[in-house]
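Inspection log for the structure reproduced underneath, given as C-alpha cells.
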Amino acid sequence: MNKEALEKLNNANSNKIQQSSMSLSEIDIIKQVVNKAIKSMALSPDQDKKEISKDEFRNTYRIWSGFVKFIRSQIQSKQRLVDTKYIGCFYEKDGKIVYLVSQDYFEAGKFKNKKQPEFDKQQEIIKGFKDNNLFSQINEQAIALVCNLSTALVQRVLTDFFSALIELSRTTRHEVILDFKVGNLHLKRNGELLFESKAETDANIKNRNRDNETIRDDVSIIDTASAMLSQIGRGGGPISIRSDFMENLSVRTPGTLSTYSKSNHSVRAHSTEANSIRKNQKMNQTAENWNRFRTNGATSGNNNRLQSLPNNESGTEYQSIDSQKQIPFPFLQAFIERRTGQRFSKKVKFNQSEDQSKILGHIIDQINTKQENKDTVRANKLDKEQREVQMLGDRLKLDQQKFKNDKLRKKLDFLQANEAMLLEKRMQNKMEQEQKLNDRLNYFPFTHGDTIEQQRQMIKDLQKQELIEQYQRKAEAKSLSQSRPFRVSNLENISENNNNNTSLILPSSTGVTFAKALNNYPYKVKQTQNMELTMNRAWLRYEDELRQKEEHKKKLAENFYHSIEKDQKQIEMENFKRIQNQKTTRKELIDQMEHRKMMENFNNQQEKVFVKTSFGPEQNELLVSMLDEIQKEKKFVTKNDLEDLITSKKTKQDIDTINEHSVDKKTINGLQQTFMEEQKRIIEIEKQKKLKNKNEWISQAKMNEKAKKVENLFQ
C-alpha cells in the first residue's frame with residue numbers, strides 16, 4: 243500500500259515537471275527580446291557581447307517587473323481599470339481579475355478563442371470606469387523613472403515583448419504563461435488567449451492535487467523532533483530544523499513563481515500539515531516503532547546517558563526510557579505537549595547533550611561571519627553614500643556654473659537685441675529722411691509721364707486681349723482634333739458594314755472592335771471559310787484602328803510641339819515689344835526734358851528783355867524789382883512754413899523716442915523682477931526638497947537603527 247502511494251506521488255510530480263517544461267514563461271520571451279536587440283546593435287570587436295547581453299537582460303526584466311507592479315498596484319490598491327496600451331485592459335470584479343483584450347492586438351495575433359470577445363461591450367465597460375474617474379493608462383515615463391532608463395527604451399521593450407509572445411508561441415508550438423502577479427495570461431498551443439485570475443488558479447490547483455493529500459504511513463516530514471533525534475544519533479552538532487513556517491520566510495526568485503512551483507508549494511504545505519497531524523496521532527496511540535528503535539538501534543551507553551539527563555524547569559525528574567512506553571525520549575515531552583512544531587516562534591527549553599563544543603564553535607563562527615558581512619556591508623554603504631554626496635556636490639557645482647553662464651548669455655543677448663533695435667531705428671529714420679527728400683520728384687508735375695502711362699496701359703490691355711483670344715483658339719482646335727478621329731473611324735466602319743451582306747454590331751465601349759456577325763450569312767458556304775473571312779476582316783479592322791490611334795497620337799504630339807513653339811515665339815515677340823516700348827518711352831522722356839530745358843531758357847531770355855506795349859504802364863526797373871521782392875517774400879514764407887513743419891516733426895519724433903525708451907526701461911525692470919522672483923522660488927523649492935530629503939534620511943536612519951536592534955535581539 244505504501245509503495246503504491248509513493249509511486250503515485252512520484253508520477254504526479256513527474257507529470258507536473260513535464261507540463262512545466264513544455265510551457266514557456268516570461269523569461270523565455272525576455273531572452274527572445276534580448277537576442278533581437280543584440281542582433282540589431284552594431285557592436286565593435288572591442289565590446290564584450292556577454293556583458294552587453296547581461297545588461298540588456300537586466301534592463302528588460304526590470305521594465306517587465308515595473309510594468310506588472312504598476313498594473314497590480316492600480317487594480318488592488320486603487321480599484322481602477324488599467325489600460326496597458328499594448329494588449330488590452332485589466333480590472334477587478336467580484337474578487338477576480340478580468341482581462342479585456344484589445345481589438346488591435348487580437349487581430350494582429352490572430353488568436354483562435356472559442357468565444358469571440360465582444361468589443362462593443364468592452365468599450366461600454368471602459369466608458370463606465372472613465373465616467374467614475376477610475377480609469378488609468380500605463381505611464382512609460384513613470385516606469386522609466388523607476389527603472390532609471392529612457393522612455394523610448396521602455397516603449398521599445400514592451401512592444402518587442404508582446405510581439406515576441408506571438409512569435410515564440412507560433413514557432414515553438416508550446417504554451418506560454420505570463421505571470422502578472424494578479425493572475426496568469428495563457429497563450430495555448432491551439433492559439434487561444436486566456437487570462438486566469440490568481441483566485442481561479444489557486445482553486446484549480448487545490449482541485450487538481452486533492453489526490454496527493456492522502457496520509458502516508460511510511461513517509462514523515464522532518465520537524466523539530468526529528469532534528470533532535472538526528473542530533474542525538476550524531477552525538478551532538480548543530481540542529482537542523484525545517485518546517486512550513488520557514489518556507490514562508492524564504493526568498494522567492496522569479497523561477498519559483500511559475501505555475502509548477504506554486505502548485506508544488508501548496509501541495510508541500512498541505513502534505514506537511516497532514517503528515518505532522520498524523521505523526522502526533524500515531525505517537526500518542528502506539529509505541530511499537532519507538533520500542534523497535536530502542537531495542538535495535540540504541541545502545542546501552544546511549545540509554546544510560548539519556549537516563550542521566552537533568553530535570554526540566556518545573557523540578558520534576560524524567561523517567562527512564564524503559565518506564566516510558568509512549569514517549570521514548572523524556573526530554574521531548576514538553577516539545578510534544580506544547581506542539582511547537584505547529585506554533586511558530588514558541589520558545590522551548592531543551593536539555594542539551596553533554597558535548598556542546600562543536601555547536602558553540604559553529605555558532606561562534608556564524609557570529610563572526612555575520613559580523614564580518616555586516617562590517618563589509620556597512621563599509622560599502624558608507625562608500626556608496628560618500629560617492630553619492632560627492633556626485634551631488636559636483637552636480638550642484640555644475641548647475642551653479644550653468645546658471646551663471648545662462649545669466650551671462652541672457653545679458654549679452656539682451657544687449658545685442660537692444661543694439662540691433664537701435665540700429666534698425668536709425669536705418670529706418672535715415673530711409674524716411676531720404677524718402678522725404680525724394681518725394682517732391684516722384685509725383686506727376688515733375689515727371690510729365692501722363693501720356694506714357696496711358697500708352698503703357700493700352701499696350702497691357704491689348705496683350706491681355708490677344709492672350710485670351712489665343713487661348714480660345716487653342717481650346718477649339720483641341721476639341722475638334724479629339725472628336726475628328728472617332729467620327730472618321732465610325733464612318734469607315736459604317737461604310738464597310740454597308741458593303742458587306744451581313745449586318746454587324748460594334749461594341750459601344752472603347753477597345754478592340756471585333757465584329758459580331760449575326761446569323762444572316764449564306765448557309766451554302768462552309769463554316770470554316772466564313773470564319774476565316776470574318777477573322778481576316780476583323781484583323782484588318784484591328785490593324786487599321788491601331789494605325790489610326792498611332793496617327794492620332796502623332797498628330798497630338800505635333801500639335802503639342804507646334805503650340806509650344808508658337809508660345810515661345812509669342813513670348814519672344816512680347817519681350818521684343820517690351821524692350822522697344824522701353825526704348826521709345828526713354829527717348830520720349832529725353833525729348834520732353836530737352837524741350838522743357840529749351841522752353842525754360844527761352845522764358846528766361848524773354849523776361850530779361852523789356853517789352854513796350856500799347857496798353858498798360860510801361861515796365862521799368864522799379865516794377866521789376868517790386869516783382870522780384872514779391873517773389874522772394876513768397877519763397878521766404880514757404881521756407882519758414884517748411885522749417886516749422888520739419889521742427890514740429892522732429893519734436894514729435896523726439897517725444898516718441900523718449901516714450902519708447904521709457905517703455906523699454908519698464909519692460910527691462912519687469913523682466914528683472916520676474917527673473918529675481920523665479921530665482922527666489924527655485925531656491926525655496928530646493929530648500930523644501932532638501933528639508934524633505936533630510937526628514938526622509940532621518941526616518942530611514944531611525945528605521946535602520948530599529949532593524950539593527952531587532953537583528954541584535956535575534957543573534
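The sequence shown begins at 243 in the numbering used here and counts up one residue at a time.
Ideal Cβ positions, reconstructed from N, Cα and C, are used throughout, including at glycine.
Quantities reported herein were computed from a predicted structural model and do not represent experimental measurements.
Taking the alpha carbon of glutamine 834 as the reference point, which residue from Lys877, Ile694, Asp346 has its own alpha carbon closest?
Ile694
Within 10 angstroms of its Cβ, does tyrosine 347 collect 16 or more other Cβ (buried), or is it exposed?
buried
I'd like the span of the beta strand (DSSP E) that includes glutamate 438, first residue to last.
435-439
Can you tell me whether arginine 651 is buried or exposed? The criterion is at least 16 other CB atoms within 10 Å of its CB, across all chains shown.
exposed
Helix, strand or coil: how does DSSP classify serine 378 here?
strand
Is tyrosine 341 helix, strand or coil when you go by DSSP?
strand
Runs of beta strand (DSSP E) wholly within the segment 345-403 (minimum 3 residues, chain order)
377-379
Got a sec? Which residues, its chain only, sit under 6 Å from valine 275 by beta carbon, not counting five neighbours each side?
Thr302, Asp402, Phe403, Ala406
Considering glutamate 334, what are the terminal residues of the beta strand (DSSP E) in which it resides?
330-335
Please determine whether the Cβ atom of leucine 420 lies at a distance below 7 Å from any heavy atom of the ligand NAD.
With respect to the ligand NAD, the structure offers nothing, as it holds no ligand at all.
Backbone secondary structure at histidine 428 - three-state DSSP
strand
Mind the definition here: the segment 428-441 touches the segment 334-342 only if three or more C-beta pairs lie below 8 Å; say whether that holds.
yes
Taking the continuous beta strand (DSSP E) assigned at aspartate 325, which residues delimit it?
323-325
Using DSSP bridges, identify the partner residues of leucine 266.
Val418
Determine the extent of the alpha helix (DSSP H) in which serine 307 is found, giving its start and end residues.
291-318
Throw me the rounded Cβ distance for the isoleucine 408 and phenylalanine 312 pair, which I believe falls under 8 Å.
Not quite, the Cβ-Cβ distance comes to about 22 Å (not below 8 Å), so this is no contact.
For the 8 Å Cβ check, are there 3 or more pairs between the segment 355-370 and the segment 419-431?
no
Can you tell me which of the three DSSP states alanine 719 falls into?
helix
By DSSP, does alanine 279 sit in helix, in strand, or in coil?
helix
Close-in-space but distant-in-sequence residues of the same chain around glutamate 351 (CB under 6 Å, 5 per side omitted):
Here residue 351 is glycine; the residue named in the question, glutamate, does not match the sequence. Within the same chain, glycine 351 has close Cβ partners Ile408.
In or out: glutamine 316 buried (at least 16 other Cβ within 10 Å) or exposed?
buried
With H, G and I counted as helix, E and B as strand and the rest as coil, what does DSSP make of lysine 907?
helix
Inter-residue CB distance, leucine 266 and threonine 414 (contact presumed, cutoff 8 Å)
7 Å
Once you ignore the five residues that flank lysine 716 on each side, which residues in its own chain have a CB closer than 8 Å to its CB?
Ser805
Put aspartate 833 into one of helix, strand or coil per three-state DSSP.
helix
Quick one: what does DSSP say alanine 284 is sitting in, helix, strand or coil?
coil
Quick one: what's got a C-beta closer than 8 Å to glutamate 816's C-beta in the same chain, skipping five residues either side?
Gln705
Counted within 10 angstroms of its Cβ, other Cβ atoms place leucine 664 as buried (16 or more) or exposed:
exposed
Under 8 Å between C-beta atoms of phenylalanine 361 and glycine 433
no
Using the rule of at least 16 other Cβ atoms within 10 Å of the residue's Cβ for burial, across every protein chain shown, is tryptophan 306 buried or exposed?
buried
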